[in-house]
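Number of protein chains: 2
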Amino acid sequence: MKQPDPEDAAVAGTSSLCPTCVEWRCGVGSLLTPDEARQIAAVSVRRQVPAGTELMATPNLRDSCIALLRGVVKVSRLLTDGRQQIVSLKSAPDLLGAPFAPPGEVSVRAVTEADIYCVPRHAFEAVVRQNRGLEHRLHLRALEDLSEAEALLLTLGRKTARERLATFLLDMAGRFRPAEIGKRCDTLDPAYDHDTLDLPLTRAEIGDFLGLTFETVSRQFAALRRDGLIDFSDARRVSVKDRKRLRSAAGT
Amino acid sequence: MKQPDPEDAAVAGTSSLCPTCVEWRCGVGSLLTPDEARQIAAVSVRRQVPAGTELMATPNLRDSCIALLRGVVKVSRLLTDGRQQIVSLKSAPDLLGAPFAPPGEVSVRAVTEADIYCVPRHAFEAVVRQNRGLEHRLHLRALEDLSEAEALLLTLGRKTARERLATFLLDMAGRFRPAEIGKRCDTLDPAYDHDTLDLPLTRAEIGDFLGLTFETVSRQFAALRRDGLIDFSDARRVSVKDRKRLRSAAGT
DNA sequence: CGGGTCATTGATGCTCATCAAGCACAGTGG
DNA sequence: CCACTGTGCTTGATGAGCATCAATGACCCG
Numbered sequence: 001m002k003q004p005d006p007e008d009a010a011v012a013g014t015s016s017l018c019p020t021c022v023e024w025r026c027g028v029g030s031l032l033t034p035d036e037a038r039q040i041a042a043v044s045v046r047r048q049v050p051a052g053t054e055l056m057a058t059p060n061l062r063d064s065c066i067a068l069l070r071g072v073v074k075v076s077r078l079l080t081d082g083r084q085q086i087v088s089l090k091s092a093p094d095l096l097g098a099p100f101a102p103p104g105e106v107s108v109r110a111v112t113e114a115d116i117y118c119v120p121r122h123a124f125e126a127v128v129r130q131n132r133g134l135e136h137r138l139h140l141r142a143l144e145d146l147s148e149a150e151a152l153l154l155t156l157g158r159k160t161a162r163e164r165l166a167t168f169l170l171d172m173a174g175r176f177r178p179a180e181i182g183k184r185c186d187t188l189d190p191a192y193d194h195d196t197l198d199l200p201l202t203r204a205e206i207g208d209f210l211g212l213t214f215e216t217v218s219r220q221f222a223a224l225r226r227d228g229l230i231d232f233s234d235a236r237r238v239s240v241k242d243r244k245r246l247r248s249a250a251g252t
Numbered sequence: 001m002k003q004p005d006p007e008d009a010a011v012a013g014t015s016s017l018c019p020t021c022v023e024w025r026c027g028v029g030s031l032l033t034p035d036e037a038r039q040i041a042a043v044s045v046r047r048q049v050p051a052g053t054e055l056m057a058t059p060n061l062r063d064s065c066i067a068l069l070r071g072v073v074k075v076s077r078l079l080t081d082g083r084q085q086i087v088s089l090k091s092a093p094d095l096l097g098a099p100f101a102p103p104g105e106v107s108v109r110a111v112t113e114a115d116i117y118c119v120p121r122h123a124f125e126a127v128v129r130q131n132r133g134l135e136h137r138l139h140l141r142a143l144e145d146l147s148e149a150e151a152l153l154l155t156l157g158r159k160t161a162r163e164r165l166a167t168f169l170l171d172m173a174g175r176f177r178p179a180e181i182g183k184r185c186d187t188l189d190p191a192y193d194h195d196t197l198d199l200p201l202t203r204a205e206i207g208d209f210l211g212l213t214f215e216t217v218s219r220q221f222a223a224l225r226r227d228g229l230i231d232f233s234d235a236r237r238v239s240v241k242d243r244k245r246l247r248s249a250a251g252t
């Protein structure tokens with residue numbers, strides 16, 4: 001399944017990755033055993049893509065799953081007039097597009113530069129059939145995704161703009177601590193400030209995630225800052241100043 | 001696993017069910033083979049519950065899955081101040097609460113009178129482990145639920161009230177044709193009017209599903225009626241008068 | 001008949017979208 | 001080196017869309 005591919009050349013350029021973590025990365029977290037990870041890697045093509053790349057662009061890719069090794073990716077649904085709703089934010093190490101799932105009418109776009117494995121869907125499915133227990137783990141992962149989607153439904157359906165932003169910040173905290181974007185080797189380093197995060201998204205993308213306009217996102221951030229719940233060192237780096245009040249601002 | 005239960009007495013009261021369909025009903029659609037359905041039934045307790053019953057009320061039930069044999073059930077997430085978002089509407093025959101899923105912080109409430117099987121989670125999981133292929137079908141079902149949730153995310157995040165109502169009506173059409181609420185034996189009867197449906201939900205519940213107030217639901221229904229897209233014979237019975245314009249009103 | 005739930009409709013106001021202007025910054029090419 | 005341009009962010013002014021509050025009618029049931 002592993003075809004020689006010009007994209008493979010890009011692998012050389014990714015040697016800045018922590019070498020001791022490569023296998024773990026290939027493992028997409030705890031989803032795969034090392035052996036399963038090797039089997040997946042054997043049928044995959046590795047690529048490095050710049051920020052903004054649409055990953056479901058070609059029919060070839062539409063029939064693949066994507067293992068995200070580094071970077072952040074947004075999964076969106078679109079209306080014909082251009083309105084867009086981000087339905088899921090994925091960060092390494094995670095899997096995009098479940099095997100057995102019909103491709104679905106979504107857009108999948110890299111938010112940051114990203115390293116990915118493209119896994120042909122039918123090859124992935126063959127690996128799943130050959131490894132007892134893997135489908136169970138995929139099933140659990142799908143149920144977690146469903147639960148996350150339901151939490152976002154509550155946010156979009158019933159929360160105010162301020163509550164949405166507070167919810168979003170609490171959600172992002174812990175996922176995007178500074179200098180961790182695209183680097184996960186340091187997860188166990190206790191020196192990190194758990195209350196500071198680097199937002200990988202623009203204001204417009206945050207709006208697309210929360211069902212708001214980018215102006216409203218900007219204004220509500222300013223309001224939360226005025227109220228002393230958070231602070232910004234620059235537009236993308238937020239510090240949670242008062243987690244208790246931020247939680248209460250999120251409406252539980 | 002089958003305990004003698006006072007609720008079993010209620011079974012006698014459900015003999016109005018089409019007898020030829022009982023097994024199919026137990027099968028929760030195409031999810032279960034007849035044999036699997038029998039195994040599930042053997043470890044379950046059947047109950048009939050009135051409209052409005054909270055199904056996750058007791059710890060006992062919280063640790064069960066529910067096979068919905070007849071009726072409509074809403075799955076909601078709640079905010080502490082009482083705001084509510086319906087994240088999923090289930091109608092017979094369907095399954096509520098996946099095996100292996102952590103119980104989750106949801107409310108599950110019967111919208112209509114309903115017949116259910118309560119399946120202890122661990123017993124269900126044992127059946128899954130003993131039937132190759134069943135987990136695969138549950139996995140596919142979870143992925144479908146996820147896709148539905150994403151579609152609702154787009155609706156809540158990016159559509160206007162009018163678009164939400166149009167989307168909702170198109171979604172309900174085909175699910176709730178008249179006289180089919182709680183009766184599924186007649187699915188193949190071609191005499192039914194595919195453009196008329198009986199809404200199982202109150203205006204307030206539709207609002208909780210679409211992230212609107214009941215007044216807005218009522219007003220938008222009135223507007224769609226004025227515009228000739230739909231008509232009401234009574235508050236719950238809708239006819240789609242112009243499916244093409246309704247689709248365009250739904251924003252695709 | 002009285003009280004309950006459900007639905008409709010009107011009046012009013014708040015929240016957030018829209019439109020618009022200006023600033024900071026990075027990249028590009030003269 | 002410095003306009004020139006594009007992108008991202010902030011802030012202000014205005015208005016639309018929907019929530020809120022309130023009154024009323026239909027229906028059902030004890």
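Protein sequences appear in the order of chains A and B. The first sequence begins at 1 in full-length UniProt numbering and counts up one residue at a time. The second sequence begins at 1 in full-length UniProt numbering and counts up one residue at a time. Glycine included, every Cβ here is placed at the ideal spot set by N, Cα and C. None of the values given here were measured: they were computed from a predicted structure.
Beta-carbon contacts of residue i that lie in its chain and below 8 Å, excluding the five residues immediately before and after
i: B:Pro102; result: none
i: A:Val87; result: Val75, Ser76, Arg77, Val106, Ala149 and Leu152
i: B:Arg177; result: Tyr192, Asp193, His194, Thr196, Leu197 and Asp198
i: A:Leu229; result: Ala166, Val240, Lys241, Asp242, Arg245, Leu246 and Ala249
i: A:Glu125; result: Pro99 and Phe100
Backbone secondary structure at residue i - three-state DSSP
i: A:Phe209; result: helix
i: B:Cys185; result: Residue confidence for B:Cys185 is low, a pLDDT of 46 falling below 50, so the modelled location carries little weight; the figure read from the coordinates is stated next. Looking at B:Cys185 - three-state DSSP - the assignment turns out to be coil, as it is neither helix nor strand.
i: A:Ser239; result: strand
i: B:Leu229; result: coil
i: B:Ala222; result: helix
i: B:Ala110; result: strand
i: B:Ala217; result: Here residue 217 of chain B is Val; the residue named in the question, Ala, does not match the sequence. It is helical.
i: A:Leu197; result: strand
i: A:Leu31; result: coil
i: B:Leu89; result: strand
i: A:Leu246; result: helix
Residue burial classification, residue i (beta-carbon count within 10 angstroms, cutoff 16)
i: A:Ser91; result: buried
i: B:His194; result: exposed
i: A:Glu205; result: buried
i: A:Glu36; result: buried
i: A:Gly133; result: exposed
i: A:Asp234; result: exposed
i: B:Ala51; result: exposed
i: B:Asp81; result: exposed
i: A:Ala57; result: exposed
i: A:Gln130; result: exposed
i: A:Gly251; result: buried
i: A:Ser44; result: buried
i: A:Gly207; result: buried
i: B:Ser147; result: buried
i: A:Ala42; result: exposed
i: A:Arg47; result: buried
Contact set for residue i: own chain, Cβ-Cβ below 6 Å, skip 5 residues either direction
i: A:Phe220; result: It is worth fixing the name first, because residue 220 of chain A is Gln in this sequence and not Phe. Once the five neighbours on either side are set aside, the close Cβ partners of A:Gln220 are Ala161, Arg162 and Leu165.
i: B:Arg236; result: Asp198 and Leu199
i: A:Leu212; result: Ala161
i: A:Val49; result: Ala110 and Ala114
i: A:Glu54; result: Arg109
i: A:Leu156; result: Gly211
i: A:Thr112; result: Ala51, Gly71, Val72 and Pro200
Cross-strand partners of residue i (DSSP beta bridge)
i: B:Leu78; result: B:Gln84
i: B:Ala67; result: B:Leu95 and B:Tyr117
i: A:Gln48; result: A:Asp115
i: A:Val72; result: A:Ser91
i: B:Glu54; result: B:Arg109
Own chain partners of residue i with C-beta closer than 7 Å, once the 5 adjacent residues on each side are dropped
i: B:Arg121; result: Asp63, Ser64, Cys65 and Pro99
i: A:Ala142; result: Ala98
i: B:Ala223; result: Arg162
i: A:Pro4; result: Confidence at A:Pro4 is low in this model, with a pLDDT of 39, below 50, so the placement of that residue is unreliable and no value is reported for it.
i: residue 270 of chain B; result: Given that chain B is displayed from residue 1 to residue 252, the structure contains no residue 270 of chain B and the question cannot be resolved.
i: A:Glu159; result: The question names Glu, but residue 159 of chain A is Lys in the sequence shown. So the list reads Thr167 and Gly251, once near-sequence residues are dropped.
Endpoints, alpha helix (DSSP H) assigned at residue i
i: A:Thr252; result: Taken as a continuous stretch (DSSP letters only), A:Thr252 belongs to no alpha helix (DSSP H), as it is neither H nor E.
i: B:Ser147; result: Leu134 to Arg158
i: B:Arg38; result: Pro34 to Ala42
i: A:Thr202; result: Run containing A:Thr202: none; DSSP gives neither H nor E here.
i: B:Thr167; result: Ala161 to Met172
Residue range of the beta strand (DSSP E) that includes residue i
i: B:Arg61; result: Checking the displayed sequence, the identity of residue 61 of chain B turns out to be Leu instead of Arg. No beta strand (DSSP E) contains B:Leu61, which is instead part of the alpha helix (DSSP H) from Pro59 to Arg62.
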